[in-house]
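Counting from 689, one number per residue, gives the positions in the sequence shown under the working numbering.
Using N, Cα and C, we set each Cβ at its ideal position, and we do this for glycine too.
Keep in mind the model is a prediction, meaning the values are calculated, not measured.
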Amino acid sequence: MDLWRIICTPHQTLSDKVVELKVGMHCDRCIKAIKKAIKTIDDMESYQLETEINKVTVTGNVTPDEVVKALQKIGKTATNWGED
689 MDLWRIICTP HQTLSDKVVE LKVGMHCDRC IKAIKKAIKT IDDMESYQLE
739 TEINKVTVTG NVTPDEVVKA LQKIGKTATN WGED
């Protein structure tokens, strides 16, 4: 699969946090479900999916737990980026 980079709403303030997670993205259906789940997070300002390396980056007034819980609702497991 080619690198598919999605950047949405590139607005960032000083109070924004960056959450980086490793999430399995194996097909277009997974990618669509992940995008939909991320968009439901309150105070999410932007997100980026890097499918070749299974990396999800969410920016906004969000916590890692909020992002992980949103992804768990669709059956996805997420770990902090950099953890193996």
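Secondary structure at lysine 705: strand, using DSSP grouped into helix, strand and coil. In the structure shown, threonine 765 adopts coil according to DSSP, grouped into three states. In this structure, DSSP gives threonine 739 a helical state, which the three-state scheme calls helix.
Around valine 706, the same chain offers Thr745, Val746, Thr747 as residues with beta carbons nearer than 8 Å, after the five sequence neighbours per side are excluded.
In the DSSP annotation of this structure, the continuous segment of the alpha helix (DSSP H) that includes cysteine 718 starts and ends at 716 to 727. With contacts defined as CB atoms closer than 9 Å, leucine 709 and lysine 761 fail to qualify as a contacting pair. Straight through space, the alpha carbons of valine 750 and aspartate 730 are spaced by roughly 8 Å. Within 10 angstroms of the beta-carbon of threonine 767 lie fewer than 16 other beta-carbons, which makes it exposed.
DSSP places valine 756 inside the alpha helix (DSSP H), whose first and last residues are 752 to 760.
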